[in-house]
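Undergrad: Chains Y and E, in that order, are what the protein sequence lines are.
According to my numbering, the residues represented by the first sequence are 1 to 302, in order.
According to my numbering, the residues represented by the second sequence are 303 to 604, in order.
There are 2 protein chains.
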Amino acid sequence: MICVLSGGTGTPKLIQGLKEVLDSEDLSIIVNTVENNYFSGVYVSGDIDVVMYTLADMINEEFWYGIKGDTFITNNFLEEIGCPEPLKIGDRDRATKIEKTIRLSEGYTLSEIVEIQKNNLNIKSKIIPMSDVDSDIKIVTDIGELDFHDFLIDKQCEPEVLDVVYSNVPPSNQLIQTIEESDMVILGPSNPITSIMPILSIEGVKEALKNKFVVAVSPIVGTEPVSGPAGKFMNALGYEISPIGIGEMYKDFVDYLVIDNQDKDLVDNLKNIVPNVGVTNIMMKSLDIKIDLAKFILDLKK
Amino acid sequence: MICVLSGGTGTPKLIQGLKEVLDSEDLSIIVNTVENNYFSGVYVSGDIDVVMYTLADMINEEFWYGIKGDTFITNNFLEEIGCPEPLKIGDRDRATKIEKTIRLSEGYTLSEIVEIQKNNLNIKSKIIPMSDVDSDIKIVTDIGELDFHDFLIDKQCEPEVLDVVYSNVPPSNQLIQTIEESDMVILGPSNPITSIMPILSIEGVKEALKNKFVVAVSPIVGTEPVSGPAGKFMNALGYEISPIGIGEMYKDFVDYLVIDNQDKDLVDNLKNIVPNVGVTNIMMKSLDIKIDLAKFILDLKK
Chain Y
1 MICVLSGGTG TPKLIQGLKE VLDSEDLSII VNTVENNYFS GVYVSGDIDV
51 VMYTLADMIN EEFWYGIKGD TFITNNFLEE IGCPEPLKIG DRDRATKIEK
101 TIRLSEGYTL SEIVEIQKNN LNIKSKIIPM SDVDSDIKIV TDIGELDFHD
151 FLIDKQCEPE VLDVVYSNVP PSNQLIQTIE ESDMVILGPS NPITSIMPIL
201 SIEGVKEALK NKFVVAVSPI VGTEPVSGPA GKFMNALGYE ISPIGIGEMY
251 KDFVDYLVID NQDKDLVDNL KNIVPNVGVT NIMMKSLDIK IDLAKFILDL
301 KK
Chain E
303 MICVLSGGTG TPKLIQGLKE VLDSEDLSII VNTVENNYFS GVYVSGDIDV
353 VMYTLADMIN EEFWYGIKGD TFITNNFLEE IGCPEPLKIG DRDRATKIEK
403 TIRLSEGYTL SEIVEIQKNN LNIKSKIIPM SDVDSDIKIV TDIGELDFHD
453 FLIDKQCEPE VLDVVYSNVP PSNQLIQTIE ESDMVILGPS NPITSIMPIL
503 SIEGVKEALK NKFVVAVSPI VGTEPVSGPA GKFMNALGYE ISPIGIGEMY
553 KDFVDYLVID NQDKDLVDNL KNIVPNVGVT NIMMKSLDIK IDLAKFILDL
603 KK
């Protein structure tokens, strides 16, 4: 069984490749839930929904968010009546989020709800929220501890970052067991600070990874993060914005770091940081490349 | 200024007539809010929305609920994923309800939200929720006090009803003043037990009505309530299900009770109960009849 740690961008592309080369039952996705929250009255677990829609072949690949072909009638009418949504939610996508909201209010855990929803979508792979308890990211700065969104939007990432702290939340019931039962754990190419580290910081996860064959795929090619504010945070925390920085972040966990062909000059340096380095095309611009990368990763253990 | 006490069915039809014969600014609607509640994560103030959509010429006249021409994409997808909504909400209608939900969570009162929404829809008439505090109806029965929906659905209206009790909620800020400033108050042909009495039972309303010219339009023609469980409740509370019963219920408030031509034989009896009786066509099956009824009512004071 292959276990993937995933955020909402980057890793889902790799999941598209993995699902073509593995039996669905042999794939388990552990998903970041940090910063899950209510918007427009509905519970939004953004990364989980992206993973779920990806596995159900429903993902909108233009935005890597929401359902392909979805309409935005409610969202548009909210704008028309002068109440634009902070988060643009499609009509079908909203139904998924309403179900989560209703079931949460009825006392179901997020894990139970995701299980119900993925079964309804005929997804055979496991989707495991990292925790059933909501959590957030606090940014410790020279002007004090800030909420993630406060730092990002209100403060425009300007204060000096001293540390990034994740809430201490318990693992969901299946989290540790799923890692323990895996033949390989993949740290997907998602934002290391906002998606992967929140999972790794859950109690028991680092310990569970110790005896596992762990492959990380770099979310950075050259000196460019594929998306989001990863760079700013890495920089602030003293990591170089490059596969070297990624190696430093993940060095205690990984057996392999997979980097892009463009970064092959870094291999010698990286070998001083991580046990092994894999070099291939990690710019997943087509399904073929996604499948090739999936095969490349799975072959690392053979 | 004409003030109308309204529920979500019956009275909105009369409002369609009144808005054709009055300047919009001269019309104020005080709306029942009892049993307002959250469904599918959104705040549903059913009667207020029907009145608002009626005044904006947006009401779905087939169901007297929701927006005409609305789509049900979210609602349908919820059903598709195995989570049907207890209340069928259209996509545009949902936007209205989401705005209320968001603004309530931000600390706006229901009155303030309705004011914002009606202004956005270019409604010049006033729409005044009876209260900004949520309330419910309790049914005192031989087997104990029951929630309204529990009595209605779970218990199938079977227990013997001893009393109907409305929560004690304060009037919204503009409620009493609006009545006091009115030249005429109309108790619309809505369910007397679930729509009109909840408004009348708010502290100060009965007193404010004392010096007003009050016209009630019977929600019952013959022995048939126009809609809903009004009959059962009236019966249980000892009122005849007829314009006579309506006269008994409203006798302390009204100057005129308007009944249908079909019930003209009841006029002599009714004159022993209420001060005056108006007889006309109150079956509002066309806009012309609605306008004629509106004119008939407005002429009662001349």
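Glycine included, C-beta positions come from ideal geometry on N, C-alpha and C.
S187 of chain Y bridges to which residues according to DSSP?
TA: In the sequence under discussion, the amino acid at residue 187 of chain Y is Leu, which differs from the Ser named in the question. Answer is Y:L5, Y:A216, bridged to L187 of chain Y.
Undergrad: Using a Cβ cut-off of 8 angstroms (strictly closer), state whether E99 of chain Y contacts chain E.
TA: With 8 angstroms as the cut-off, E99 of chain Y counts as an interface residue toward chain E.
Undergrad: Which residues, in order along the segment 49–79 of chain Y, keep a beta-carbon less than 7 angstroms from a beta-carbon of chain E?
TA: Answer in chain order: T71, I73, T74, F77, L78.
Undergrad: For a minimum of 3 consecutive residues, which ranges assigned as the beta strand (DSSP E) are wholly contained in the segment 431–478 of chain E?
TA: Counting whole runs of 3 or more residues, the segment 431–478 of chain E contains the beta strand (DSSP E) stretches 439–443, 446–449, 463–468.
Undergrad: Do the segment 196–207 of chain Y and the segment 154–173 of chain Y make contact, defined as three or more Cβ pairs closer than 8 angstroms?
TA: Contact holds: three or more Cβ-Cβ distances are below 8 angstroms.
Undergrad: Thinking C-alpha only, which one of E:G309, E:C385, E:P386, E:N339 is nearest V352 of chain E?
TA: The candidate whose alpha carbon is nearest that of V352 of chain E is E:G309.
Undergrad: Please state the DSSP three-state secondary structure of D359 of chain E.
TA: Three-state result, D359 of chain E: coil.
Undergrad: What residues of chain Y sit near I404 of chain E, judged by a beta carbon separation below 8 angstroms?
TA: Ordered by position in chain Y, the residues that pass the 8 angstroms Cβ test against I404 of chain E are S40, G41, C83.
Undergrad: Quick one: does N424 of chain E have its CB under 8 angstroms from some CB of chain Y?
TA: Not one chain Y Cβ lies under 8 angstroms of N424 of chain E.
Undergrad: Y558 of chain E lies in the beta strand (DSSP E); which residues open and close that run?
TA: It spans 558–562 - the beta strand (DSSP E) in which Y558 of chain E sits, taken as one unbroken run.
Undergrad: Roughly how many angstroms lie between the CA atoms of L406 of chain E and S437 of chain E, to the nearest whole one?
TA: Distance between the alpha carbons of L406 of chain E and S437 of chain E is about 16 angstroms.
Undergrad: Sort out for me which residues DSSP pairs V333 of chain E with in a bridge.
TA: The partner list for V333 of chain E (beta bridge, DSSP) reads E:S308, E:P431.
Undergrad: Name the chain E residues whose beta carbon is nearer than 9 angstroms to that of T109 of chain Y?
TA: Those within 9 angstroms of T109 of chain Y in chain E number zero; the least Cβ separation is about 16 angstroms.
Undergrad: Please look up how many angstroms separate the CB atoms of G247 of chain Y and V274 of chain Y, rounded, as I've assumed it's under 8 angstroms.
TA: Yes, they are in contact, since the Cβ atoms of G247 of chain Y and V274 of chain Y sit about 5 angstroms apart, within 8 angstroms.
Undergrad: Below 8 angstroms on the Cβ atoms is my guess for I383 of chain E versus N120 of chain Y; work out the distance and round it to an integer in Å.
TA: That belief holds up - the Cβ atoms of I383 of chain E and N120 of chain Y are roughly 5 angstroms apart, short of 8 angstroms.
Undergrad: Using 8 angstroms for Cβ pairs, my map puts I139 of chain Y next to L146 of chain Y. What's the rounded Cβ distance?
TA: Correct: roughly 5 angstroms between the Cβ atoms.
Undergrad: Taking 6 angstroms as the limit between beta carbons, can you name the residues of its chain near S497 of chain E, skipping five residues before and five after?
TA: The residues are G309, N334.
Undergrad: Quick check on D601 of chain E: buried or exposed, where buried means 16 or more other Cβ atoms within 10 Å of its Cβ?
TA: With fewer than 16 other Cβ atoms within 10 Å, it is exposed.
Undergrad: My output table needs one value for F296 of chain Y: the three-state DSSP class, helix, strand or coil.
TA: F296 of chain Y falls in the helix class under three-state DSSP.
Undergrad: Applying the 10 Å Cβ sphere with the 16-neighbour rule, what's the burial state of L87 of chain Y?
TA: When all chains shown are included, L87 of chain Y counts as exposed.
Undergrad: For T178 of chain Y versus I241 of chain Y, is the C-beta spacing smaller than 8 angstroms?
TA: No, the pair does not count as a contact, with Cβ atoms beyond the cut-off.
Undergrad: Is it the case that the Cβ atoms of K118 of chain Y and M52 of chain Y are separated by a distance below 8 angstroms?
TA: Yes.
Undergrad: Check the C-beta distance from L412 of chain E over to D393 of chain E and give it rounded, since I have them as a contact under 8 angstroms.
TA: With a Cβ gap of about 23 angstroms, L412 of chain E and D393 of chain E do not count as contacting.
Undergrad: In chain E, which residues lie with their C-beta within 9 angstroms of the C-beta of Q16 of chain Y?
TA: Result: empty, since nearest Cβ-Cβ is about 22 angstroms, beyond 9 angstroms.
Undergrad: How would you list, in chain order, the residues of chain Y whose beta-carbon sits under 7 angstroms from the beta-carbon of Q458 of chain E?
TA: Simply none; closest approach about 24 angstroms.
Undergrad: Spell out whether any CB of chain Y is found under 8 angstroms from the CB atom of Q419 of chain E.
TA: Chain Y contact via Cβ: present.
Undergrad: For my contact list, T313 of chain E and G490 of chain E are in at a C-beta cut-off of 8 angstroms; report their separation, rounded to the angstrom.
TA: The Cβ separation is near 3 angstroms, so the contact holds.
Undergrad: Just to confirm before moving on: does the CB-CB distance between F453 of chain E and T443 of chain E stay below 8 angstroms?
TA: In contact: F453 of chain E and T443 of chain E (Cβ atoms closer than 8 angstroms).
Undergrad: Can a CB atom of chain E be found closer than 8 angstroms to the CB of D91 of chain Y?
TA: Closer than 8 angstroms: yes.
Undergrad: By alpha-carbon positions, which one of Y:P84, Y:G222, Y:A95 ends up nearest to I391 of chain E?
TA: Here the closest residue by C-alpha is Y:A95.
Undergrad: Give the C-beta separation of T582 of chain E and V556 of chain E to the nearest angstrom, bearing in mind that I take them to be a contact with Cβ-Cβ under 8 angstroms.
TA: Incorrect: roughly 16 angstroms between the Cβ atoms, too far for contact.
Undergrad: Grouping DSSP H, G and I as helix and E and B as strand, with all else coil, what is F77 of chain Y?
TA: Correct three-state label for F77 of chain Y: helix.
Undergrad: Give the residues of chain E in contact with A95 of chain Y, contact being defined as C-beta atoms less than 7 angstroms apart.
TA: In chain order: T376, F379, L380, I383.
Undergrad: Is the shortest distance between the beta-carbon of V44 of chain Y and the beta-carbons of chain B less than 8 angstroms?
TA: Absent from the structure is chain B; the protein chains it does hold are Y and E.
Undergrad: Compute the Euclidean distance between the alpha carbons of E364 of chain E and L307 of chain E, then round it to the nearest angstrom.
TA: Answer to the nearest angstrom: the Cα atoms are 22 angstroms apart.
Undergrad: To the nearest angstrom, report how far apart I67 of chain Y and I73 of chain Y are at their CA atoms.
TA: One C-alpha to the other measures close to 14 angstroms.
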